[in-house]
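Following UniProt numbering, the numbering of the sequence shown begins with 1 at its first residue and continues without gaps. Below is one structure, written out as structure tokens; the observations come after it.
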Amino acid sequence: MEVVLVDATECEIERPKKQRKYYSGKKRKHMIKAQIVADEKDLRILNISFSHGSVHDFKLFCKSCVHFLKDILLIANKGYIGMNKIHSNSLIPEKSTKRNKLTKEDRKYNSTISKRRIYIEHVNRYIKKFRIVSTRYRKKRRKFALRFSLICAIYNFEL
Numbered sequence: 001m002e003v004v005l006v007d008a009t010e011c012e013i014e015r016p017k018k019q020r021k022y023y024s025g026k027k028r029k030h031m032i033k034a035q036i037v038a039d040e041k042d043l044r045i046l047n048i049s050f051s052h053g054s055v056h057d058f059k060l061f062c063k064s065c066v067h068f069l070k071d072i073l074l075i076a077n078k079g080y081i082g083m084n085k086i087h088s089n090s091l092i093p094e095k096s097t098k099r100n101k102l103t104k105e106d107r108k109y110n111s112t113i114s115k116r117r118i119y120i121e122h123v124n125r126y127i128k129k130f131r132i133v134s135t136r137y138r139k140k141r142r143k144f145a146l147r148f149s150l151i152c153a154i155y156n157f158e159l
């Protein structure tokens, strides 16, 4: 069975004129969000999608129009809750609430998912080695997707 990992990362930008759509309430800064889809076997980046910082991870996944066959397993983080409705063969960690704490089985389930999902975080770390992505992006925003894609191509080439 083929396994695909999904995660989103945010890159800080200069404050734009249209502040509201780029403002990330989570980071309290202006951001551009990039979603990375990678294969678990060889960690090749399969797809990259971009959006404003205010867009939620799951909404970015829906807008990216990335479709997979039913036999492909998708592994994502808690930001992608609701993915089971779109793709039935997906693994997402359980969330705890104030009233309903996680059981030992749920914690073990989350741990096994995290052990498999850590590889996409390593891909994000490699991409963030490039200073243009890790620090505030000061260039034109329309060129960000091109530059991020080139960095991902360098990553794929080095594999």
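Where is the CB? At the ideal position from N, CA and C, for every residue including glycine.
- Annotation: D57 to C65 spans about 13 Å, alpha carbon to alpha carbon.
- Annotated three-state conformation of M31 is strand, per DSSP.
- About 7 Å separates the Cβ atoms of N77 and R117, confirming a contact at the 8 Å cut-off.
- The UniProt domain "DDE Tnp4" (6-154) contains, as complete beta strand (DSSP E) runs of 3+ residues, the segments 29-39, 45-52 and 73-75 (chain order).
- Spanning the alpha carbons of D106 and K139 requires a straight line of approximately 44 Å.
- If you check the CB distance, F130 and Y137 do not come in under 8 Å.
- Scanning its chain for C-beta atoms nearer than 8 Å, with the 5 sequence neighbours on each side dropped, one finds around K128 the residues T9 and S134, in chain order.
- A residue is called buried when at least 16 other Cβ atoms come within 10 angstroms of its Cβ; G25 does not meet this threshold and is exposed.
- Under the criterion of beta carbons closer than 8 Å, L73 and N89 qualify as touching, at roughly 5 Å.
- The Cβ neighbour count for M1, taken over all protein chains shown within 10 Å, is under 16; the residue is labelled exposed.
- Rounded to the nearest whole angstrom, the C-alpha separation of R28 and D42 is 35 Å.
- Note on geometry: alpha-carbon atoms of I75 and V55 lie some 20 Å from one another.
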